[in-house]
Amino acid sequence: MATMIPVDSLDTIGKIIRKTRKQQGLRQDAVARFSHTFVGEVEKGKPTAQIGKLLELLQELGIRVHLELPSGIEPNTVKKATTR
Numbered sequence: 003m004a005t006m007i008p009v010d011s012l013d014t015i016g017k018i019i020r021k022t023r024k025q026q027g028l029r030q031d032a033v034a035r036f037s038h039t040f041v042g043e044v045e046k047g048k049p050t051a052q053i054g055k056l057l058e059l060l061q062e063l064g065i066r067v068h069l070e071l072p073s074g075i076e077p078n079t080v081k082k083a084t085t086r
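Note that the working numbering has the sequence shown beginning at 3, numbered continuously upward.
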């Protein structure tokens, strides 16, 4: 079963990425499609990281992102909004 970790800051995301990358035995410059500078900035929680690239990096490391919706919001409604 996957471990669920609440994320409330870029710093938390950075720490998760760093730990996952190191557990996989990867150096910053060995993560495909990303410069070591970008990976380093994300791992430090820099707020300038591009969200699209950040999501790609998470995916590259096998980290899945799930969003918890507020009560009353139906997932079907959200899916319809994102496919427009």
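C-beta: ideal position from N, C-alpha, C; glycine also.
Since the structure is predicted, the reported quantities are computational estimates derived from the model, not experimental observations.
With a cutoff of 8 Å on beta-carbon distance, leucine 60 and isoleucine 19 are scored as near each other. Per DSSP, reduced to three states, the secondary structure at aspartate 13 is helical. Secondary structure note for histidine 68: it is in no alpha helix (DSSP H), with a DSSP letter that is neither H nor E. Judged by DSSP secondary structure, lysine 55 falls within the alpha helix (DSSP H) whose first and last residues are 53 to 62. In this structure, the alpha-carbon of arginine 66 lies about 11 Å from that of isoleucine 7.
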